[in-house]
Amino acid sequence: MFYREAGQFKTTYVSDSAIFPLRQDRIGLGFIIAAAYALAFLGSDFLLQAVMIPFLVFSLAAIGLNILTGYTGLLSLGTGAFMGVGAYACYKLMTAFPGVNVIVWIFVSGFFSAAVGALFGLPSLRIKGFYLAVATLAAQFFLQWCFIRIPWLVNYNVSGALDAPLRTLFGTPIMGPNATSQTRYLLVLTIVILLTWIASNLVHGRIGRMWIAIRDMDLAAELMGIRPLQTKLLAFAVSSYYCGVAGALLVFLWYGGAEYDVFNINQSFFILFMVIIGGLGSLIGSFFGAALIFIMPIVLGMALPALMSPFGLSVGSDTIEHLRFMITGALIIFFLIVEPHGLARLWQIGKQKLLVWPFPY
Amino acid sequence: MSFRTLSLGLAAATVLAGTALPAFAQDSIYVPLFTYRTGAFAGSGTFIADGMHDYLEMLNQRDGGIGGVKLVLEECETGYDTKKGVECYEAVKGKNPVIVNPWSTGITLPLIPRASVDKIPILSMAYGLSASARGDIFPWVFNPPSTYWDGLSIIIKYIGEKEGGLEKLKGKKIGFIHLDAAFGKEPIPLLQELAKDIGFEVALYPVAAQDMQNQSSQWLSARRDRPDYVIMWGWGSMNGAAVKEAVRSGYPMDKFYSVWWPSEDDAKSGGAGAKGFKELNWHAVGANFPALQDIQKHVIDKGLSKASKDKVGEVLYNRGVYNSLLIAEGIAMAQKLTGKKAVTGEDVRRGMENIKLDPARLKELGLEGFTEPLALSCTDHNGHRPAFMQEWDGAKWVKISDPIEPMTDRVKAQLDGAAKDYAEKNAGWPKRTEACDKAS
């Protein structure tokens, strides 16, 4: 009823192996992207700045970790640090070469993160699972230590903090305090869509199949001619690239300035939860996970007082904070019990049900 | 989970997300309070939040607000987390706040460049960026009554006087145990410069935020290095743990100094051995002031506060009161200057620049002798006021010195350098366009 495959015939292999084989899916995606852009002109400052920009940034970081953990099966706890490498690299680059447009540096900073990620990915040939997680934990602590201890990284700033200088694109400020949340949102949205599209092409192509083969059975993959070291390192590099770009966006297009502490171990866990809740090995899951972990507490913070006030209950901000933790935690457990494969799997089931409705067979 | 329940849930969530933020009436003044009653720093944050809230609530209850305009107070919980602090800022920005108190150096830093764009003054009372004391470069940021550099210079001066002159510090070793974040690292350049000038040695003991509760390795190094004095720059659970570790490692407590943050509870955690621990302060401890009595009468007895009665008068509670005193004075002055009742952020910025807390005014407010007089101006957003030393006698803080002036000559160079540096590094940092009032 909602969805019909009937009448859509595939006459070429290309159309048969498309990522969105159904016309309705393609229309739906176009609609979502159009709505996302329209939001820049309809949404309030709070919605754009405090909800949508961080949501997109965390989604990008979750895609990065998903490439590594979801598609290649390599567990990492160093996401926060890799994001930090991107942010610090971007800061150094844009202060050293102020003449080059900052968007170039945002994309280039990811390569520094990729190099560092690949370096810490080297042990992945020998170890996996929890052992690898501990190796990446070392990356987290070591890099964080570097961020505090090397004043060169922040241009010898006394406060040891990064801050976003004024940068423009076609004369419009996109970075620094004068940039409106609208321009920042549009920029972040465009970068995230572009990188998601690239990631989608990567994971659905030859490289993605290599990653999945390594994840499912690395011995068999090796026998089939896939070289494990190169494949794993590539996964580390691509994953860190995404995290690095996300880190640069986080500091310069969202916060506008940050201390090293932003990239602590909690940030790594935060992203890891998003990937697990959203769905391992799914790009759309990364967006769902970011929405659940990041947006839901904000919604709860606004909804709880509104829900309780009719009953004459007024609660302090600290109680709401505790309630947020409890409800978010309970929902995470609930979702994982109901659907261990994450929100992405629920989405897939929903789509399938719509496809066959009203005749489930 | 059936698809039906899921879609129902999603629909409900969308509706909730769409509910508009509550709007405030025009004849009130909106004062958001950033607090942290949760998280690792709640041990310090809770009392400050209570003090801040209770003083302003007392004005509402007793006087019907300021100048006949009711204050709308709203707390936003940051948990001392920069991410949540920035979220709080975005949440309150649209409701025309007259002033924002970030209560965390980490949150203050990203807000500083935004203040001038959003026209919201920032009050980072004795924390945040020390260089923001320069009103000509940071017209929207206020950090009275002392910067961390002033604080450090006061401690060094006090130690020097105890030794019989600053030059006697030559050859001594001073340990510096600090939170390894922007807050704790800020005084280090000045400390190193003083060390070079005077000739003492510095030993740094950084404590990472995740290891606040466990400082055994730092105190082990301190025992090995045997510093003549230890100065602490700590916050939250770090303070209590440091006092405990200092006592345990047998460090002489009368040689242990701290900047103004440790509370009664922090000192108590050291047990009887904590006697002699010293810290700086710039306002009185205790509740024997008419204004604080009014808080008990109008707020706490009526059940409008989260604080219990015995907390009124403690160091951090009174610190919160002092913070609210500055807000209230800024608003009152803004009303006087503009003749408006419901003032805006821009008016309060002017009001803050004209704050004059002389003894007569303090008496009028019921806070006679509560603190040193303070006057801010267009160029000086800090005051660089003296602070006094107080000592823990095992049960309460006792004032043991007269107010000590900071070493302004040494601090000033550092401050000007840092302010210039900040403006240069942030290319395009706006020149001050806000006019100065004649009075200041």
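Those sequence lines, one after another, are chains A and B.
Just so you know, our numbering puts 217 at position 217 of the first sequence, and the rest follows in order with no gaps.
Our numbering runs 361 ahead of the 1-based position in the second sequence.
Glycine included, every Cβ here is placed at the ideal spot set by N, Cα and C.
This structure is a prediction, so every number in the text was calculated from the model and none was measured.
Segment limits, alpha helix (DSSP H) that includes residue i
i	result
proline 54/A	53-65
threonine 95/A	79-96
methionine 593/B	Note, methionine 593/B: premise wrong, no alpha helix (DSSP H); beta strand (DSSP E) at 590-594.
methionine 573/B	Here methionine 573/B belongs to no alpha helix (DSSP H), and DSSP marks it neither H nor E.
phenylalanine 2/A	Run containing phenylalanine 2/A: none; DSSP gives neither H nor E here.
lysine 232/A	228-249
glutamate 222/A	218-223
valine 365/A	This structure cannot settle anything about residue 365/A, because the visible part of chain A is limited to 1 through 361.
Between the CA atoms of residue j and residue i - distance to the nearest angstrom
i	j	result
arginine 348/B	lysine 605/B	Residue 348/B cannot be examined here, being either before or after the span of chain B that is shown, 362 to 801.
tyrosine 683/B	valine 315/A	26 Å
aspartate 490/B	glutamine 775/B	The question names aspartate, but residue 490/B in the sequence shown is leucine. Between leucine 490/B and glutamine 775/B, the C-alpha separation is close to 12 Å.
tyrosine 185/A	glutamate 785/B	27 Å
leucine 194/A	tyrosine 13/A	25 Å
phenylalanine 335/A	leucine 343/A	8 Å
glutamate 562/B	asparagine 155/A	26 Å
methionine 768/B	phenylalanine 537/B	19 Å
alanine 693/B	asparagine 715/B	10 Å
alanine 89/A	phenylalanine 2/A	48 Å
leucine 202/A	glycine 64/A	12 Å
threonine 699/B	arginine 711/B	9 Å
glycine 176/A	isoleucine 765/B	40 Å
glycine 412/B	asparagine 642/B	16 Å
alanine 35/A	isoleucine 53/A	15 Å
leucine 737/B	aspartate 798/B	12 Å
arginine 126/A	glutamine 576/B	36 Å
arginine 215/A	leucine 77/A	17 Å
lysine 456/B	tyrosine 391/B	7 Å
phenylalanine 31/A	glutamine 24/A	10 Å
serine 59/A	tryptophan 197/A	13 Å
alanine 381/B	leucine 137/A	Any reading at alanine 381/B is ruled out, since the residue's pLDDT is 39, under 50, leaving its predicted position unreliable.
lysine 781/B	serine 493/B	11 Å
valine 85/A	leucine 250/A	12 Å
glycine 521/B	proline 588/B	15 Å
Limits of the unbroken beta strand (DSSP E) element including residue i
i	result
isoleucine 535/B	534-540
serine 389/B	389-396
methionine 750/B	749-753
lysine 760/B	758-760
leucine 565/B	562-568
Rounded Cβ spacing between residue i and residue j (contact assumed at less than 8 Å)
i	j	result
valine 461/B	tyrosine 450/B	7 Å
phenylalanine 544/B	tryptophan 596/B	7 Å
isoleucine 67/A	alanine 235/A	6 Å
glutamate 339/A	leucine 346/A	5 Å
glutamate 321/A	glycine 681/B	No, glutamate 321/A and glycine 681/B are not in contact; Cβ-Cβ is about 19 Å, not under 8 Å.
glutamate 438/B	aspartate 318/A	6 Å
isoleucine 592/B	isoleucine 516/B	6 Å
proline 548/B	tryptophan 510/B	6 Å
isoleucine 473/B	phenylalanine 499/B	7 Å
leucine 787/B	aspartate 163/A	Reading off the sequence shown, one finds asparagine at residue 787/B, where the question assumed leucine. Going by Cβ atoms, the distance from asparagine 787/B to aspartate 163/A rounds to 6 Å, so yes, they are a contact pair.
glycine 289/A	alanine 62/A	6 Å
Near-chain B residues of the region 46-61 of chain A (beta-carbon distance less than 7 Å), N- to C-terminal order:
When C-beta distances to chain B are compared with 7 Å, the residues of the region 46-61 of chain A below that value are Phe46, Gln49, Ala50, in chain order.
Considering only residues of the region 146-202 of chain A, which uninterrupted beta strand (DSSP E) runs meet the minimum length of 3 residues and lie entirely inside it, listed in chain order?
Correct list: 167-169, 172-175.
Using a Cβ cut-off of 7 Å, which residues of the region 133-155 of chain A contact any Cβ in chain B, in chain order?
Cβ contacts with chain B: Ile148, Asn155.
Contiguous beta strand (DSSP E) assignments of at least 3 residues, all confined to the region 417-503 of chain B:
Counting whole runs of 3 or more residues, the region 417-503 of chain B contains the beta strand (DSSP E) stretches 431-438.
When you check each C-beta in the region 466-478 of chain B against every C-beta of chain A, which residues fall closer than 9 Å?
Within the region 466-478 of chain B, the qualifying residues are Thr466, Gly467, Leu470, Pro471, Leu472, Ile473, Pro474, Arg475, Ala476, Ser477, Val478.
Could you name the residues of the region 549-569 of chain B whose beta carbon sits closer than 7 Å to any beta carbon of chain A, in the order they occur along the chain?
For the region 549-569 of chain B, the residues whose beta carbon sits under 7 Å from a beta carbon of chain A are, in order, Pro550.
What are the complete alpha helix (DSSP H) segments, minimum 4 residues, inside the region 288-351 of chain A?
Segments of the alpha helix (DSSP H) lying fully in the region 288-351 of chain A: 296-308, 317-338.
Chain-ordered residues of the region 310-329 of chain A with a beta carbon less than 8 Å from chain B
Answer in chain order: Gly316, Ser317, Asp318, Ile320, Glu321, His322.
Taking beta-carbon pairs under 9 Å, can you tell me which members of the region 424-438 of chain B lie near chain A?
The residues in question are Glu435, Glu436, Cys437, Glu438.
Give the residues from the region 248-260 of chain A that approach chain B closer than 7 Å (Cβ to any Cβ), ordered along the chain.
In summary, the residues of the region 248-260 of chain A whose CB is separated from some CB of chain B by less than 7 Å are Tyr255, Gly256, Gly257, Ala258, Glu259, in the order they occur in the chain.
Which parts of the region 607-693 of chain B are runs of the beta strand (DSSP E), unbroken and 3 residues or longer, counting only runs that do not cross its ends?
Counting only runs of 3 or more, we get 617-619, 639-642.
If you measure beta-carbon to beta-carbon, which residues of the region 6-19 of chain A are closer than 7 Å to chain B?
Taking a C-beta cut-off of 7 Å against chain B, none of the residues of the region 6-19 of chain A qualify.
For the region 157-172 of chain A, enumerate the residues whose C-beta is nearer than 8 Å to any C-beta of chain B, in chain order.
Those residues of the region 157-172 of chain A that come within reach of chain B (Cβ to Cβ, closer than 8 Å) are Asn157, Val158, Ser159, Gly160, Ala161, Asp163, Ala164, Pro165, Leu166.
Output, in sequence order along the chain, the residues in the region 391-402 of chain B whose CB is closer than 7 Å to any CB in chain A.
Under the 7 Å Cβ criterion, the region 391-402 of chain B contributes Thr396, Arg398, Thr399.
What are the residues in the region 97-115 of chain A lying within 8 Å of chain B by C-beta distance?
Within the region 97-115 of chain A, the qualifying residues are Pro98.
Whole beta strand (DSSP E) elements within the region 699-779 of chain B, 3-residue minimum:
Fully enclosed beta strand (DSSP E) runs of 3 or longer: 749-753, 758-760.
Residues of the region 170-200 of chain A with a CB closer than 7 Å to any CB of chain B: list them in chain order, please.
Here the close residues are Gly176, Pro177, Asn178.
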